[in-house]
Ligand code: PAF
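In full-length UniProt numbering, the protein residues as written are 1 to 285.
In structure tokens:
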């Protein structure tokens, strides 16, 4: 695996490969890699000639300094993991290399997607994500880029970024990877205390139970039911639960036929904020 920390070096290396008509698949990450990330790398390897992974903890997408300071950084182990799946190129720049002396996000208009859910609770988060993803796309110039659906709102926003800025890349959303007990894989899971880690699968279990109610109970009743489950839980604090239209991400009041819906949830497990989501469909049986 080739490892770069300089924008111009990785850009030059990849532009030669592109001139040779090689296709480039790209997996942007913030490191602390887990099997969910590796599944994106494997997918990219299947579909492209060259796979590039970036590891960069992007300061402009954190609204909470402590979360940024404590974000796990495990580059040595990440390199081992990437080598184990035969990743071709790793780009791991410093903050200065990306932002020079101005650590600031650009402002974006994502047609309102940025004001829903995570946007309400994490100020400026999606401007930060838009800034870094656009910058990385301009450096790597991938044909295809792979993102996990755990951050479903992020995925929709990146699709919007690509559409609005006419970036020549196809954005692919890949299934959520879960631990055996159902907890969605996340780099933040390593920061959970033992008791919070044991409690956390309750989030997935509650989503699954709520899904069974979809189409039987109305949206308001399901939301109230979920809130009640978390009120009773001694270790988990619900920040939000909402059922939304998959394309607009707007909370729904009523269920209409032929629309795709998804439930979104954010929960504090002690200090650690966890998110998850699940597609909700009317059951036909
Ligand atoms: O999902 C992430 O890990 C990050 O938000 C991303 C897309 C790598 C941008 O920093």
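Positions of the beta carbon are idealized from the N, C-alpha and C atoms, including for glycine. Quick caveat: nothing in here was measured; it's all calculated off a predicted structure.
For this session: Determine, using beta carbons only, whether residue 164 and residue 155 come nearer to each other than 8 Å.
Result: Mapped onto the chain shown, residue 164 falls at position 164. Mapped onto the chain shown, residue 155 falls at position 155. Contact: no.
For this session: Specify whether the region 59-71 and the region 119-128 touch according to this definition: at least 3 beta carbon pairs, one from each stretch, less than 8 Å apart.
Result: yes
Exercise. How would you write the range of the alpha helix (DSSP H) that residue 68 sits in, first residue to last?
Worked result: By one-based count along the chain shown, residue 68 stands at place 68. Looking at the DSSP string, the run of the alpha helix (DSSP H) that includes residue 68 is 65-70.
Exercise. Are three or more beta carbon pairs between the region 245-256 and the region 181-201 nearer than 8 Å?
Worked result: no
For this session: Check the C-beta distance from residue 359 over to residue 157 and give it rounded, since I have them as a contact under 8 Å.
Result: With the chain represented from 1 up to 285, any question about residue 359 goes unanswered, as that position is not in the structure.
Exercise. Ordered along the chain, which non-local residues of its own chain (more than five positions away) have a Cβ less than 6 Å from that of residue 26?
Worked result: Residue 26 sits at position 26 when you count from the first residue of the chain shown. Closer than 6 Å at the Cβ level, and outside the excluded window around residue 26, lie 52, 140, 142 and 145.
For this session: Would you list the residues sitting across from residue 240 in a DSSP beta bridge?
Result: For the purposes of this step, residue 240 is taken as the residue at position 240 of the chain shown. Answer is 266, bridged to residue 240.
For this session: Measure how close the beta-carbons of residue 24 and residue 92 come, nearest whole angstrom, since I'm counting them as under 8 Å.
Result: As a first step, residue 24 is located in the chain shown; it is residue number 24 there, counting from the start. As a first step, residue 92 is located in the chain shown; it is residue number 92 there, counting from the start. Not really, about 17 Å apart at Cβ, beyond 8 Å.
Problem set entry | CA nearest to the CA of residue 170, picked from 161, 177 and 14 | By 1-based counting over the chain shown, the position of residue 170 is 170. Comparing Cα-Cα distances from residue 170 to each of 161, 177 and 14, the minimum goes to 161.
Exercise. If you measure from the CB of residue 154, is any heavy atom of the ligand PAF nearer than 7 Å?
Worked result: Looking up residue 154 in the chain shown gives position 154. At least one heavy atom of the ligand PAF is nearer than 7 Å to the Cβ of residue 154, so yes.
Exercise. Cβ of residue 70 within 8 Å of Cβ of residue 191?
Worked result: Position 70 of the chain shown, counting from 1, holds the residue named residue 70. Position 191 of the chain shown, counting from 1, holds the residue named residue 191. Yes; because the gap between Cβ atoms is below 8 Å, this pair is in contact.
For this session: Could you tell me the distance, in whole angstroms, from the CA atom of residue 147 to the CA atom of residue 37?
Result: Numbered from its first residue, the chain shown carries residue 147 at position 147. Numbered from its first residue, the chain shown carries residue 37 at position 37. When rounded, the distance between both Cα atoms is 9 Å.
Exercise. Can you tell which of 42, 75, 86 and 136 has its C-alpha closest to the C-alpha of residue 28?
Worked result: Indexing the chain shown from 1 puts residue 28 at position 28. Of 42, 75, 86 and 136, the residue nearest in Cα terms is 136.
For this session: Return yes when the Cβ of residue 223 is within less than 8 Å of the Cβ of residue 267, no when it is not.
Result: Sequence index remark: in the chain shown, residue 267 carries index 267 (1-based). Sequence index remark: in the chain shown, residue 223 carries index 223 (1-based). No, they are not a contact pair.
For this session: Under 7 Å Cβ to Cβ from residue 47, same chain only, skipping five residues before and after it: list those, please.
Result: For the purposes of this step, residue 47 is taken as the residue at position 47 of the chain shown. Hits under 7 Å: 25 and 144.
Problem set entry | Exposure label - residue 21; buried when at least 16 CB within 10 Å | Residue mapping note: residue 21 aligns to position 21 of the chain shown, counting from 1. It counts as exposed.
Exercise. Would you say the region 251-265 touches the region 194-211, given that touching needs at least three Cβ pairs under 8 Å?
Worked result: yes
Exercise. Around the ligand PAF, which residues pass a check of Cβ closer than 6 Å to any of its heavy atoms?
Worked result: 28, 29, 30, 58, 61, 129, 132, 133, 151 and 154
Problem set entry | Which of helix, strand or coil DSSP assigns to residue 107 | The count along the chain shown starts at 1 and reaches residue 107 at position 107. Reduced to three states, the DSSP call for residue 107 is coil.
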